[in-house]
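Numbering (my numbering), first residue to last: 1 to 81.
Here's the structure we're looking at; comments come further down.
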């Protein structure tokens, strides 16, 4: 069984973070979905917070975008001091 990074309470925050990272690193949704081996609508549902993010998916996205898995953690307001 895969381990979830997200819970229903924070799926949308993680989804928004996926969108931010995808834009930052210049990945079109269709291209990232293709390289992840998932349908584009699956990635879109992740970004909209309709699906949980699993560690395996985060690891694969981080490898493709050359970032860290921890980058997918939404920024907390307390971290902005």
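Note that CB positions come from ideal geometry on N, CA and C, so glycine has one too.
Predicted model only: the values in this text are computed from it and were never measured.
DSSP state of residue i, grouped into three classes?
i: residue 25; result: coil
i: residue 48; result: coil
Rounded to whole angstroms, what is the Cα-Cα separation between residue i and residue j?
i: residue 3; j: residue 38; result: 18 Å
i: residue 66; j: residue 73; result: 15 Å
i: residue 27; j: residue 10; result: 23 Å
i: residue 61; j: residue 32; result: 8 Å
i: residue 55; j: residue 6; result: 9 Å
i: residue 57; j: residue 15; result: 12 Å
Alpha carbons only, please: which of the options is nearest the one belonging to residue i?
i: residue 30; options: 58, 41, 51 and 46; result: 41
Count the other C-beta atoms from every protein chain shown that fall within 10 angstroms of the C-beta of residue i, then say buried if there are 16 or more, exposed otherwise.
i: residue 50; result: exposed
i: residue 18; result: buried
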